[in-house]
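Comments concern the structure below.
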Amino acid sequence: MTGDNGHCGEGLCFHAIAPEGSFAQAVTFQSWHDLPKISVGDCGWAPTSVKIGDEYSLIGSRLGRVTSRDLNTWIDRGRLTAKGGNRDPHIMVWDNTYYLLRCDGNGINLVTSTDFIIWTDPITIYKPKKESYQTESPFLVHYDGLFYLFWSLWDQADKTTSGYCPRTFVHCSESPKSFYDSPVLAEFTVHAPEIIQDERGKWFISSADHPHRGVSVAPLVWK
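As numbered in the working numbering, residues 471 to 693 make up the sequence shown, in order.
What follows is the structure in structure tokens.
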């Protein structure tokens, strides 16, 4: 439509289901089936998901939380009480602790919780040195004793892409609480990545290919 942009539809939580079977079967072209959009709660803007016991939770960028046991019927659980930024949340579960990342200004902050109710005060774990760089879609992975932070670039000085860039940077740290002194280990031509491990232990990286090509998945090899 005329005037369409990357933020149209942000208030909607799109919902689709893959065919039953392996991860390889799930990522075949056009194999997913659209379901009605999730309209309860406030989880529509860039939600992240986490499974707690037998219950799945979706957390949106305004910290609205909805839960489900069957991924079809969703219940509004209100908002998380976590302080700090609220954009593009991601949750990593490690060592019986929930690590909630969000973008805050041009940096990435972190809060943690052991019960998903009481959260620590936010700390900033990374901020780009270049003034025009803004972080998007952070993703934190624990692999082989180290932590890897993935984040996408929104470069406000890049007029050719309206800011949104198909560039994702990767940093490594011994602690999930600081990546300030970590150099860029890798750069991928992807946007809003999610890191996935399948049932065989293989790793993959997804990309939301802004603005017209949907979600794609590629193998990820650790070296």
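Quick reminder that beta carbons are idealized off the backbone N, C-alpha and C, glycines included.
These numbers were taken from a predicted model, which means no experiment stands behind them.
Sequence-distant residues of its chain with Cβ nearer than 8 Å to residue i (five each side left out)
{"i": "Asp524", "result": "Arg539"}
{"i": "Trp692", "result": "Tyr613, Asp614, Trp673"}
{"i": "Glu669", "result": "Ser492, Phe493"}
{"i": "Arg458", "result": "The structure shown has nothing for residue 458, since the chain only spans 471 to 693."}
{"i": "Ala656", "result": "Phe639, Val640"}
{"i": "Val510", "result": "Val536, Trp544, Ile545, Asp546"}
{"i": "Val685", "result": "Ser676, Ser677, Ala678, Asp679"}
{"i": "Lys647", "result": "Leu580, Ile593, Ile595"}
Residue range of the unbroken beta strand (DSSP E) whose run includes residue i
{"i": "Gln667", "result": "665-667"}
{"i": "Arg557", "result": "557-564"}
{"i": "Leu571", "result": "567-574"}
{"i": "Gly554", "result": "Looking at the DSSP string, Gly554 is not in any beta strand (DSSP E), and its letter there is neither H nor E."}
{"i": "Gln500", "result": "Where Gln500 is concerned, there is no enclosing beta strand (DSSP E), given that its DSSP letter is neither H nor E."}
{"i": "Ser602", "result": "Per DSSP, Ser602 belongs to no beta strand (DSSP E) and is neither H nor E."}
{"i": "Gly577", "result": "577-583"}
Same chain, Cβ closer than 7 Å to residue i, five either side skipped, listed in chain order
{"i": "Asp628", "result": "Cys635"}
{"i": "Ala486", "result": "Trp502, His503, Asp504, Leu505"}
{"i": "Gly577", "result": "Thr594, Tyr596, Lys597, Thr605"}
{"i": "Thr518", "result": "Ile529, Pro559, His560, Ile561"}
{"i": "Phe658", "result": "Thr638, Ile675"}
{"i": "Tyr603", "result": "Asn576, Leu623, Asp625"}
{"i": "Val660", "result": "Pro636, Thr638, Ile675, Ser677"}
{"i": "Phe609", "result": "His560, Phe620, Pro663, Glu664, Ile665"}
{"i": "Val563", "result": "Val520"}
{"i": "Lys600", "result": "none"}
{"i": "Phe586", "result": "Ile522, Tyr568"}
Same chain, Cβ closer than 6 Å to residue i, five either side skipped, listed in chain order
{"i": "Asp474", "result": "Caution applies to Asp474, whose pLDDT of 49 falls short of 50 and renders its modelled position unreliable; the model cannot decide the point."}
{"i": "Thr472", "result": "Unreliable positioning characterises Thr472 in this predicted model, as indicated by a pLDDT of 46, which lies under 50. A coordinate reading is not provided."}
{"i": "Val497", "result": "Val687"}
{"i": "Ile545", "result": "Thr537"}
{"i": "Ala488", "result": "Ala496, Trp502"}
{"i": "Ser607", "result": "Asp558, Ser622, Ala662"}
{"i": "Ala516", "result": "Ser531, Asp558"}
{"i": "Pro592", "result": "Lys553, Gly554, Asn579, Val581"}
{"i": "Gln667", "result": "Trp673"}
{"i": "Ile683", "result": "The amino acid occupying residue 683 in the given sequence is Arg; Ile does not appear at that position. Contacts found: none."}
{"i": "Glu490", "result": "none"}
{"i": "Val654", "result": "Phe639"}
Where the alpha helix (DSSP H) containing residue i begins and where it ends
{"i": "Gln495", "result": "493-496"}
Whether residue i touches residue j by CB criterion (7 Å)
{"i": "Leu580", "j": "Ala552", "result": "no"}
{"i": "Leu616", "j": "Phe649", "result": "no"}
{"i": "Arg557", "j": "Ser531", "result": "yes"}
{"i": "Gly555", "j": "Cys573", "result": "yes"}
{"i": "Thr567", "j": "Thr582", "result": "yes"}
{"i": "Phe484", "j": "Lys507", "result": "yes"}
{"i": "Leu482", "j": "Gly514", "result": "yes"}
{"i": "Ser716", "j": "Ser643", "result": "With the chain represented from 471 up to 693, any question about residue 716 goes unanswered, as that position is not in the structure."}
Notebook entry, point to check: Can you give, in chain order, each stretch of the alpha helix (DSSP H) that sits fully within the stretch 503-552 and has at least 4 residues?
Noted result: Fully enclosed alpha helix (DSSP H) runs of 4 or longer: not present.
Next item on the list: Run through the stretch 626-663 for me and flag every whole alpha helix (DSSP H) of 4 or more residues, listed as ranges in chain order.
Entry: Taking 4 residues as the shortest admissible run, the stretch 626-663 contains no complete alpha helix (DSSP H) segment at all.
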